[in-house]
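Worksheet for the structure shown next.
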Amino acid sequence: MFIVIEGGEGSGKSTQAKALKKQLSTLGFRVILVHEPGGTLLGRRVRRWVKWGRGLTVQTELFLFLASRSQLVSKVIRPALEEKHIVICDRFDASTIAYQGFGRGIDLDFLQGLNNFVTDGLQPDLVILMDLDAERALLRKGVRLDSFEREEFPFHMKIREGYLMLAGANPERWLVVDASLSEESIKKIIWERVKQLIRCEIWPCPSTMLSISSNPI
Numbered sequence: 227m228f229i230v231i232e233g234g235e236g237s238g239k240s241t242q243a244k245a246l247k248k249q250l251s252t253l254g255f256r257v258i259l260v261h262e263p264g265g266t267l268l269g270r271r272v273r274r275w276v277k278w279g280r281g282l283t284v285q286t287e288l289f290l291f292l293a294s295r296s297q298l299v300s301k302v303i304r305p306a307l308e309e310k311h312i313v314i315c316d317r318f319d320a321s322t323i324a325y326q327g328f329g330r331g332i333d334l335d336f337l338q339g340l341n342n343f344v345t346d347g348l349q350p351d352l353v354i355l356m357d358l359d360a361e362r363a364l365l366r367k368g369v370r371l372d373s374f375e376r377e378e379f380p381f382h383m384k385i386r387e388g389y390l391m392l393a394g395a396n397p398e399r400w401l402v403v404d405a406s407l408s409e410e411s412i413k414k415i416i417w418e419r420v421k422q423l424i425r426c427e428i429w430p431c432p433s434t435m436l437s438i439s440s441n442p443i
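Going by this note's numbering, the sequence shown opens with residue 227, and the numbers climb by one from there.
So this is what it looks like as structure tokens:
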């Protein structure tokens, strides 16, 4: 199972990704949590460059993200899926469409083609969108802002609109969550959807799965 958590700055993605990993691990599933850019040596270096670097062109930013994603998919995500792990990824290809497409203005079809190339067509089973008003989300951030958090407010509005358009075009794969709710409420909403993906006939179920329906949290 491949689950991606998406959203704008300050939406709470990382908090819910960690909570979901803990929930699944408690039930006995083998789970790995990765984030973009990151998860590999190249990815960690790219993360520093794009978040804290100065003066990157739009094209440079795009191809750094794509290089990091290619390495993460080939070296971490695909091998883990082949070994029947559940992979949770904090950001994936939809971030490129939202940020570099809707945010930076790069052609969406061009970006989709690049995404398909670097991921070799890998698609998540579920994309969870942490949706939050851009102004409210930015207020959650501290005083040390990275290069994306420093962008003007209209940039963040475009990103949110882009994410909602992607989710609306594929509601079977996407789950839109109101990120203004409490952490516990969001956790419950996500878990209810993830339970639908767990199929004992596909993955050997741990014994604790026998009580999964009556123990949602």
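A virtual CB, placed ideally from N, CA and C, is assigned to each residue, including glycine.
Provide the residue span of the alpha helix (DSSP H) that contains residue 388, from first to last.
379-395
From the DSSP output, which residues share a beta bridge with residue 258?
313
Of the residues 289, 247, 241, which one's Cα is nearest the Cα of residue 327?
289
May I ask you to report which of helix, strand or coil DSSP gives residue 228?
strand
Helix, strand or coil: how does DSSP classify residue 424 here?
Here residue 424 sits in coil by DSSP.
Are the Cβ atoms of residue 257 and residue 312 separated by less than 8 Å?
In contact: residue 257 and residue 312 (Cβ atoms closer than 8 Å).
In whole angstroms, what is the alpha-carbon distance linking residue 441 and residue 407?
Confidence is the limiting factor: at residue 441 the pLDDT is only 36, short of 50, which leaves the residue's position unreliable, though a coordinate-based value still follows. In a straight line, the C-alpha of residue 441 is about 21 Å away from that of residue 407.
Between which two residues does the beta strand (DSSP E) harbouring residue 402 extend?
400-404
Would you call the region 346-360 and the region 297-304 in contact, with 3 or more CB pairs under 8 Å?
yes
Looking at the secondary structure, which residues open and close the alpha helix (DSSP H) in which residue 355 lies?
Element bounds for residue 355: not the alpha helix (DSSP H) but the beta strand (DSSP E), 352-357.
Ordered along the chain, which non-local residues of its own chain (more than five positions away) have a Cβ less than 7 Å from that of residue 243?
231, 259, 314, 316
From the DSSP output, in three-state form, read off residue 269 for me.
helix
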